[in-house]
Amino acid sequence: MAEYRSIAAKIATNTSRTCEAPECAMPRFGFSKYCRAHRRAHERYGHPAGKPVSILQWRPHLHAATAFTGNWLSAGHPGIESAVRWCADQQAAHGQLKRADSKRPWTTFFATLHRGARQGVLPEELVARTLAAFLALRVEPRLFAGGDAFNHALARLFLRTTPQPSDAWLKRRRGPDEHSQELPTINIAYRARDYTAARVIGAIGKLAYRAADEMFKGYEAERQAMNERIEHTRCPDPVAGSSAPFSSSATTTASKGDLH
Ligand SMILES: [Zn+2]
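The opening residue of the sequence shown carries number 1 in the numbering used here; numbering runs sequentially from there.
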């Protein structure tokens, strides 16, 4: 009983304090340093301000990464080849696992990958998903509330047990709330997502980071060409001051404000 009272006292002390998420005035929940809502977001997305990344948000990056992976696989890039082999090994390492056990996060990792493989997820798709996540981080960093949110989003994408949806499938699914649609990714526990991110980034993160850089250069070249076309052909009569520089300090302040 004494122990119970001390736990209750600890909870009472904790819940009398304020949630640690920025600008949140709610009381903490249980033993958490967050309120109930921020605790839930942290559990699901790895960050109190985390949000789901929908398949439609991933899609352009998946398209680019799938093409990139395919091209470099045909060209025999040694890193892409090893990454595909590594993913195939992970899918095959299911072994004697009977079922996923939440106390042993690697069992979720291997069992889920095995299930994906049975449903037609190829190892090259796993590589493309990882490259897509790193490309999204490069192009749209604000999809992720922080580094941990990126890890958790990558883990969810990597562990999807169905092959990349076709455009036709997405067209059928498209509705008013298309961007709020979460990936149909099952219940992967926090620790299993953490484990997945560490394992995948540990093995193919370096390659994915470099590949994302390369894909990003392609985007930049396209963007530059597009911008030049707009500036030269569509702006014959710009207002005064159109060429005045935008100071870097103003940019920094604006982006900081947006984050909160
Ligand atoms: Zn809160």
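We put the CB at the ideal spot given by N, CA and C, even for glycine.
Item, Value
"By C-beta, the residues closer than 5 Å to any heavy atom of ligand 1, given in chain order", "C19, A21, C24, M26, C35 and H38"
"Exposed unless 16 or more other CB atoms sit within 10 angstroms - verdict on V53", "buried"
"When M226, T108, G218 and E231 are compared against D194, the one with the closest alpha-carbon", "T108"
"Same chain, Cβ closer than 7 Å to F246, neighbours up to 5 away in sequence not counted", "none"
"Backbone CA spacing between A240 and E231 [nearest angstrom]", "15 Å"
"DSSP three-state assignment for P265, whether helix, strand or coil", "This structure does not reach residue 265, given that the chain is present from 1 up to 260, and the question cannot be answered."
"Residue from Y190, A64 and Q164 with nearest C-alpha to R138", "A64"
"Check whether F29 and R39 have beta carbons under 7 Å apart", "yes"
"Collapsed DSSP secondary structure at T161 in the structure displayed", "coil"
"Whether L135 touches A212 by CB criterion (7 Å)", "yes"
"Where N151 falls, given that 16 or more other Cβ within 10 Å makes a residue buried", "buried"
"D177 versus A92: straight-line alpha-carbon distance, rounded", "For D177, the predicted structure reports a pLDDT of 48, less than 50, and the residue's modelled location is therefore unreliable. The matter cannot be settled from this model."
"Beta-carbon gap between Q119 and T66 smaller than 7 Å", "no"
"For H47 and Y34, believed in contact at Cβ under 8 Å, the rounded distance", "Between H47 and Y34 the Cβ distance is about 10 Å, and since that is not below 8 Å, they are no contact."
"Residue burial classification, A221 (beta-carbon count within 10 angstroms, cutoff 16)", "exposed"
"Where the alpha helix (DSSP H) containing D289 begins and where it ends", "Residue 289 cannot be examined here, being either before or after the span of the chain that is shown, 1 to 260."
"Close-in-space but distant-in-sequence residues of the same chain around F110 (CB under 8 Å, 5 per side omitted)", "Q90, A93, H94, G95 and L97"
"Environment of A192 [buried if 16+ CB atoms lie within 10 Å]", "buried"
"I55 beta carbon less than 7 Å from that of T130", "no"
"Reduced DSSP category for R191 - H, G, I as helix; E, B as strand; rest coil", "helix"
"Reference R59, options Q164, K206, F158 and R223, closest by Cα", "Q164"
"Neighbourhood of W72 by C-beta, 7 Å cutoff - its chain only, sequence neighbours within 5 removed", "I80"
"Alpha-carbon spacing of Y190 relative to P238, whole angstroms", "52 Å"
"Span separating the alpha-carbon of I188 from that of L143", "20 Å"
"Segment limits, alpha helix (DSSP H) that includes K206", "K206 to T233"
"CB of L154 within 7 Å of CB of T112, strictly", "no"
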